[in-house]
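Visitor: Residue numbers (the UniProt record's numbering): 1 to 260.
1) Of the choices 198, 238, 116, 243, whose alpha-carbon is the least far from that of residue 215?
2) On the premise that residue 62 lies in contact with residue 224, defined as a C-beta separation below 8 Å, what is that separation, rounded to the nearest angstrom?
3) For residue 202, does the three-state DSSP call read helix, strand or coil?
4) Would you report the Cα separation of residue 19 and residue 74, rounded to the nearest angstrom?
5) If you reduce the DSSP assignment to three classes, tell me which class residue 186 lands in.
6) Tell me the rounded alpha-carbon separation between residue 54 and residue 194.
7) Helix, strand or coil: which one does DSSP assign to residue 168?
8) Using only CA atoms, which one of 52, 12, 132, 150 lies nearest to residue 212?
9) Quick check: what's the CA-CA separation for residue 81 versus residue 30?
10) Are at least three pairs of beta-carbons, each pair with one atom in the segment 235 to 242 and one in the segment 34 to 45, less than 8 Å apart?
11) Would DSSP call residue 153 helix, strand or coil?
12) Count the other CB atoms, across all protein chains shown, that sit within 10 Å of the CB of residue 102; report buried if there are 16 or more and exposed otherwise.
13) Leaving out the 5 sequence neighbours to the left and right, which residues in its chain are closer than 6 Å to residue 71 when beta-carbon positions are compared?
14) When you compare each of 114, 187, 98 to residue 232 by their alpha carbons, which one comes out closest?
15) When we look at the beta-carbon of residue 164 and count the other beta-carbons within 10 Å, is it buried (16 or more) or exposed?
16) Rounded to whole angstroms, what's the CA-CA distance from residue 175 to residue 107? Just pull it up for me.
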């Protein structure tokens with residue numbers, strides 16, 4: 001009687017874990033789509049600003065999320081098949097994949113957090129020089145487009161203020177044609193509108209573009225870090241469930257072998 005009760009209890013635990021893993025796989029797949037979406041959105045929508053950054057950590061974090069999200073989408077199907085068939089070899093591979101993805105997303109989250117801590121210092125050291133030395137220069141078209149979009153999107157002018165452009169290579173050259181600031185500083189862009197730097201004509205934002213870009217990137221890094229670490233914790237829970245399920249399958253197999 002006791003042996004029968006234990007067998008029924010083991011079967012009940014196996015069934016419960018099986019359904020829990022199904023639920024987890026659905027959440028796992030949804031989380032993977034979210035991770036992939038955040039990574040792609042960061043690169044596609046915000047790629048123009050990446051050329052203004054001194055380091056590639058922001059882009060690397062997004063690429064890691066894309067890699068992890070893609071692996072999650074594929075691994076989710078592997079997990080469903082493994083759970084349905086109750087194949088220990090497939091479940092073991094699934095467990096290993098979960099751990100690998102967990103580490104990848106954890107790295108993305110940590111990178112985002114670390115870069116968040118030093119973002120302000122990096123922008124202060126490099127953004128002004130990047131804008132004043134490279135704007136409208138040969139071979140620096142990507143930076144030029146990024147600066148123009150930055151100033152228009154955030155309604156700002158110059159790294160710290162519009163006076164930064166007075167010492168720029170662009171304004172000092174004949175190419176500027178007596179402009180005091182690039183035309184992208186203007187509230188309404190018209191040819192040569194940068195010849196006049198009055199507050200009624202150009203954006204005069206306190207803190208300049210550095211403050212705007214820093215806040216923008218900081219918000220995105222928080223999203224990257226939260227998504228990466230949040231889904232990583234979900235995967236750790238899934239790895240624990242999978243390990244328990246594999247253990248129960250091995251235990252059932254041993255008991256079945258012992259009764260022969």
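Heads up, the beta-carbon is just placed ideally off N, CA and C, and yes, glycines get one too. Since this is a predicted model, take the numbers as computed values, not measurements.
Guide: Looking at the atomic coordinates:
1) Counting from one through the chain shown, the residue named residue 215 turns up at place 215. Out of 198, 238, 116, 243, 116 has the C-alpha closest to the C-alpha of residue 215.
2) Working through the chain shown from its first residue, we reach residue 224 at position 224. Working through the chain shown from its first residue, we reach residue 62 at position 62. The pair is a contact, with the Cβ atoms about 7 Å apart (cut-off 8 Å).
3) Against the chain shown, residue 202 aligns to sequence position 202. Looking at residue 202 - three-state DSSP - the assignment turns out to be strand.
4) Against the chain shown, residue 19 aligns to sequence position 19. Against the chain shown, residue 74 aligns to sequence position 74. Taking the straight line from one Cα to the other gives about 20 Å.
5) Numbered from 1 along the chain shown, position 186 holds the residue referred to as residue 186. Of the three classes helix, strand and coil, the one that applies to residue 186 here is strand, per DSSP.
6) Start at 1 with the first residue of the chain shown, and residue 54 comes out as number 54. Start at 1 with the first residue of the chain shown, and residue 194 comes out as number 194. Those two C-alpha atoms are separated by around 27 Å.
7) The residue labelled residue 168 in the question sits at position 168 within the chain shown. Looking at residue 168 - three-state DSSP - the assignment turns out to be coil, as it is neither helix nor strand.
8) Locating residue 212 in the chain shown gives position 212, counting from the first residue. Of the listed residues, the one whose Cα sits closest to residue 212 is 150.
9) If you number the chain shown from 1, residue 81 lands on position 81. If you number the chain shown from 1, residue 30 lands on position 30. Approximately 17 Å, taken between the alpha carbons.
10) no
11) As a working mapping, residue 153 is identified with position 153 in the chain shown. DSSP places residue 153 in helix when its eight states are reduced to three.
12) Counted from its first residue, the chain shown places residue 102 at position 102. Buried.
13) By one-based count along the chain shown, residue 71 stands at place 71. The residues are 101.
14) Reading the chain shown from its first residue, position 232 is the one you call residue 232. Nearest of 114, 187, 98 to residue 232, Cα basis: 98.
15) As a position in the chain shown, residue 164 is number 164, starting the count at 1. Flag for residue 164 reads buried.
16) As a first step, residue 175 is located in the chain shown; it is residue number 175 there, counting from the start. As a first step, residue 107 is located in the chain shown; it is residue number 107 there, counting from the start. Using only the alpha carbons, I get a separation of about 45 Å.
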